[in-house]
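Below you'll find the structure, written out as structure tokens, and then a few comments.
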Amino acid sequence: MNIIEVSKLSKKFGDLLAVDDVSFGVEEGEVFGFLGPNGAGKTTTINMLCTLLLPTGGKATVNGFDVVKQRAKVRESIGLVFQDSTLDEYLTAEQNLKFHAYAYKIAKTEREQRMNELLELVELSERRKSKVSTFSGGMKRRLELARGLLHSPKVLFLDEPTQGLDPQNRRHIWDHIHNLRRKNNLTIFLTTHYMDEAENCDRITIIDHGRIIAMDTPDKLKDSVGGDQVRLKAEDNIKAAEELRTKYGISAAIDNDEVTFNIAQGNSFYQN
Amino acid sequence: MSDIFRGVWVVAYRELLRFIQERSRLFSSFAMPLIFLVIFGAGFGETIGAMVPGVNYLQFMYPGIIAMTVVMGAIMSGISVVWDREFGFLKEILVSPLGRSGIMLGKSVGAATISVIQVTVMLILAPILNISLSILMILQLLLVVFIISVSISGLGLLVAARMKSQQGFQLVTQIIIMPLIFLAGVFFPVNNVPLWMEFISKINPLTYGVDAIRQIFLGSEAAAALSVSIFGHTMSVLEDVLVVVVFGGILMLIAIWSFSRQE
Ligand SMILES: Nc1ncnc2c1ncn2[C@@H]1O[C@H](COP(=O)(O)OP(=O)(O)OP(=O)(O)O)[C@@H](O)[C@H]1O
Ligand SMILES: [Mg+2]
């Protein structure tokens with residue numbers, strides 16, 4: 529059985545269909561990526577899976593538990609790193625972790641051991657007694673990752689885990705993610721804006737306007753994408769390429785006064 | 026059930042940590058009552074003289090200020106929820122296995138514990154104002170403070186249950202909660218005021234909280250003339266507390282219900 533099972537999941541905010549009839553399954557131990565531009569519905573999907581939002585349609589289970597009817601069980605099974613920081617900046621790194629350990633009822637000996645291990649892993653051991661408000665963005669992100677892992681969840685949700693990080697920290701986080709997967713058979717569900725980052729996943733789902741456009745392994749996805757090359761002439765090519773990259777996670781090249789890039793379905797892309 | 030208790034103590038524990046670590050909050054919670062006491066005491070003290078034989082204005086107002094601190098502290102529990110929502114930490118709490126009712130009650134117990142600490146420190150002023158204290162009195166006082174604070178936090182938490190911004194909360198506080206505090210008999214007895222005011226004061230649950238605390242300080246005899254009387258019946262401390270508990274309990278239930286259904 530899949531550890532995450534989603535069928536025809538929808539979420540409406542008033543008239544806006546933020547997530548539209550989405551179905552997919554994630555296997556245990558898989559690194560599953562959600563790739564899409566701003567407002568695609570990535571965070572909304574995660575919020576439904578982690579019991580913070582009620583779906584307006586469809587059904588989803590995590591670790592075999594229904595996200596609507598068995599919320600407490602789902603909450604015990606998952607760890608989260610949200611898109612925006614959810615640390616208490618007035619407390620120290622250690623106090624943040626301790627709060628989490630109390631909330632998830634982790635026994636004292638296990639707590640101390642895991643805290644040491646994880647702080648080591650994210651390279652924050654020396655700063656454990658510092659207030660989080662004195663941390664850099666990257667350090668906060670790493671602390672959140674450690675906290676999300678503290679209670680040994682079955683599934684880890686990472687909403688843009690590398691957002692705002694420099695390339696070195698970004699690689700670090702990815703190393704951690706791969707390590708974790710290898711050691712603990714942890715399932716990881718993550719979102720990103722970047723195609724190059726999504727390549728680290730076992731499978732990628734491309735989502736836009738709340739709908740799944742494509743779902744496959746990074747290699748196959750790239751192959752199929754290779755078929756459709758889009759060329760366009762913009763007034764400001766550099767700006768256009770930049771926009772493609774930030775908005776759609778597409779790496780575009782500029783040659784002969786044209787911006788060229790590859791996309792799964794060039795036709796549907798034009799309509800945007 | 027054990028999950029609810031865990032929620033209460035985990036959340037309350039963090040409130041206390043925050044209180045101890047935020048020096049400015051620690052300071053302002055003592056400074057404000059002191060300023061009130063000095064200014065109002067100096068301003069009215071001479072003019073008013075004795076409220077009843079043996080009780081001067083400062084002695085009358087001091088328990089009122091303590092009660093006001095308790096009420097404001099209880100309302101702070103709500104601010105704390107809105108604060109957590111605005112700064113994201115609420116999500117960390119909401120996706121944890123802690124139940125919603127445990128979270129709300131934890132905020133409430135946290136605020137009540139802070140109130141007990143504040144009141145204990147404010148007791149330093151009692152000898153200066155010539156109010157005699159006994160151990161029994163202090164124990165009774167702190168117990169009543171705790172109960173009243175937990176109850177009244179129901180009001181703050183109800184306002185906060187769905188509130189998204191600090192500004193929204195401040196607005197409600199200014200329009201509804203501050204008037205309720207001023208009409209609760211902190212600065213003047215509620216028996217000798219215009220009828221409309223007396224009516225509002227007597228249906229205002231906060232009045233009974235203030236009255237309970239004042240009676241403990243001044244003793245029921247001296248306080249009798251100043252206490253709340255309903256149709257000629259003078260409220261006792263126990264009756265006062267009961268009114269507050271029932272009122273707060275109902276608001277707390279609605280607050281938990283509303284909080285549990287938020288998205
Ligand atoms: N609470 C809400 N109320 C109303 N609309 C919302 C709410 N949350 C999200 N939306 C809308 O739902 C859509 C999907 O938002 P979502 O946050 O899921 O996007 P996303 O893919 O995570 O985007 P980003 O990459 O910017 O994080 C957006 O159009 C957004 O405006
Ligand atoms: Mg998002």
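Quick note, the sequences are listed as chains A and B, same order. Counting with the numbering used here, you get residues 529 to 800 for the letters of the first sequence. Counting with the numbering used here, you get residues 26 to 288 for the letters of the second sequence. Just so it is clear, CB atoms sit at the ideal spot from N, CA and C, and this is done for glycine as well.
### Task
Determine whether the Cβ of residue 38 of chain B lies closer than 9 Å to any Cβ atom of chain A.
True, the Cβ-Cβ gap to chain A drops below 9 Å.
### Query
Between residue 721 of chain A and residue 56 of chain B, what straight-line distance do the alpha-carbon atoms span, to the nearest angstrom?
Computed Cα separation, rounded: 50 Å.
### Query
For a contact meaning CB atoms closer than 7 Å, what does residue 117 of chain B contact in chain A?
Correct list: 614.
### Query
Just the Cα atoms here: how many angstroms apart are residue 567 of chain A and residue 196 of chain B?
About 32 Å.
### Query
residue 288 of chain B versus chain A: which residues are under 8 Å apart at the beta carbon?
Correct list: 580, 581 and 582.
### Query
In chain order, what residues of the same chain lie with their CB nearer than 6 Å to the CB of residue 166 of chain B, ignoring the 5 residues before and after it?
Non-local C-beta neighbours of residue 166 of chain B in its own chain, meaning closer than 6 Å and more than five positions away in sequence, comprise 241, ordered along the chain.
### Query
CB of residue 258 of chain B to nearest heavy atom of ligand 1: below 8 Å?
It does not: the Cβ of residue 258 of chain B is nowhere closer than 8 Å to a heavy atom of ligand 1.
#### Entry: DSSP beta-bridge partners of residue 666 of chain A
DSSP, once it has assigned bridges, lists no residue as partnering residue 666 of chain A.
### Query
With a CB to CB cut of under 8 Å and the five nearest residues on each side skipped, what residues in its chain are close to residue 667 of chain A?
So the qualifying residues of the chain are 652 and 655.
### Query
Nearest CA to the CA of residue 536 of chain A: which residue from A/580, A/529, A/545 and A/586?
Ranked by how close their Cα comes to the Cα of residue 536 of chain A, the residues A/580, A/529, A/545 and A/586 have A/586 in first place.
### Task
State yes or no: is the beta carbon of residue 636 of chain A nearer than 9 Å to at least one beta carbon in chain B?
Using a CB distance cut-off of 9 Å, residue 636 of chain A does not count as an interface residue toward chain B.
#### Entry: Same chain, Cβ closer than 6 Å to residue 208 of chain B, five either side skipped, listed in chain order
Once the five neighbours on either side are set aside, the close Cβ partners of residue 208 of chain B are 225, 226 and 229.
### Task
Could you please go through the chain and list the residues whose beta-carbon is closer than 5 Å to any non-hydrogen atom of ligand 1?
Any residue whose Cβ sits closer than 5 Å to a heavy atom of ligand 1 makes the list: A/541, A/546, A/566, A/567, A/568, A/569, A/570, A/571 and A/572.
### Contained beta strand (DSSP E) runs [length at least 3] in the region 581-636 of chain A, N- to C-terminal order
List check, beta strand (DSSP E) in window: 585-590 and 606-609.
### Message
I'd like to check one pair, residue 150 of chain B with residue 82 of chain B: are the Cβ atoms closer than 9 Å?
### Response
Judged by their CB atoms, residue 82 of chain B and residue 150 of chain B are not nearer to each other than the 9 Å cut-off.
### Task
Report the three-state DSSP secondary structure of residue 704 of chain A (helix, strand or coil).
Residue state, collapsed to three classes: helix.
#### Entry: Of the listed residues B/66, B/61, B/108 and B/73, nearest to residue 192 of chain B (C-alpha basis)
The shortest C-alpha separation from residue 192 of chain B is found at B/108.
### Task
Compare the C-alpha of residue 672 of chain A against each of A/738, A/689 and A/640 and name the closest.
Put simply, of A/738, A/689 and A/640 the residue whose alpha carbon is nearest the alpha carbon of residue 672 of chain A is A/689.
### Message
Could you check whether residue 63 of chain B and residue 177 of chain B sit closer than 9 Å to each other, using their CB atoms as the reference points?
### Response
Cβ distance not < 9 Å, so residue 177 of chain B and residue 63 of chain B don't count as in contact.
#### Entry: Interface residues of the region 622-636 of chain A facing chain B [CB-CB below 7 Å]
Under the 7 Å Cβ criterion, the region 622-636 of chain A contributes 623, 627, 630, 631, 632 and 633.
### Query
With a cut-off of 9 Å, does the C-beta of residue 85 of chain B fall near any C-beta of chain A?
At a cut-off of 9 Å between beta carbons, residue 85 of chain B makes no contact with chain A.
### Task
Buried or exposed for residue 575 of chain A, please, with buried defined as at least 16 other CB atoms from any protein chain shown within 10 angstroms of its CB.
Buried, because 16 or more other Cβ atoms sit within 10 Å of the Cβ of residue 575 of chain A.
### Task
Taking residue 602 of chain A as the reference, give the member of B/98, B/114 and B/123 with the closest Cα.
Selected option, being the one with the closest Cα: B/123.
#### Entry: As assigned by DSSP and simplified to three states, the class of residue 229 of chain B
Here residue 229 of chain B sits in coil by DSSP.
### Query
Looking at C-alpha atoms only, which residue of B/100, B/277, B/169 and B/258 is the closest neighbour of residue 205 of chain B?
Considering only B/100, B/277, B/169 and B/258, the residue with the shortest C-alpha distance to residue 205 of chain B is B/100.
### Task
Could you name the residues that DSSP lists as bridge partners for residue 258 of chain B?
DSSP lists B/255 as partners of residue 258 of chain B.
### Query
Between the C-alpha atoms of residue 614 of chain A and residue 686 of chain A, what's the straight-line distance to the nearest angstrom?
Rounded to the nearest angstrom, the two C-alpha atoms are 13 Å apart.
### Query
Which residues in chain B sit within 9 Å of residue 593 of chain A, going by Cβ to Cβ distance?
Near residue 593 of chain A there are no residues of chain B at all, since even the closest Cβ is about 12 Å away, more than 9 Å.
### Query
What residues in the region 116-140 of chain B have a beta carbon less than 9 Å from any beta carbon of chain A?
Residues 116, 117, 118, 119, 120, 121, 122, 123 and 124.
### Task
Determine the contact status of residue 558 of chain A and residue 716 of chain A, defining contact as a CB-CB distance below 9 Å.
Yes, the pair counts as a contact, with Cβ atoms nearer than the cut-off.
### Task
Please report the residue range of the beta strand (DSSP E) in which residue 75 of chain B lies.
DSSP places residue 75 of chain B inside the beta strand (DSSP E), whose first and last residues are 75-77.
### Query
Considering residue 742 of chain A, what are the terminal residues of the beta strand (DSSP E) in which it resides?
Per DSSP, residue 742 of chain A belongs to the beta strand (DSSP E) from 739-744.
### Task
Tell me whether the beta-carbon of residue 766 of chain A lies closer than 9 Å to the beta-carbon of residue 563 of chain A.
Their beta carbons are not under 9 Å apart, which means residue 766 of chain A does not touch residue 563 of chain A by this criterion.
### Task
Can you give me the start and stop residues for the beta strand (DSSP E) that residue 562 of chain A sits inside?
Element bounds for residue 562 of chain A: 559-563.
### Task
Compute the Euclidean distance between the alpha carbons of residue 38 of chain B and residue 173 of chain B, then round it to the nearest angstrom.
It is roughly 20 Å from the alpha-carbon of residue 38 of chain B to the alpha-carbon of residue 173 of chain B.
### Host alpha helix (DSSP H) of residue 119 of chain B (start-end)
Unbroken alpha helix (DSSP H) run through residue 119 of chain B: 114-119.
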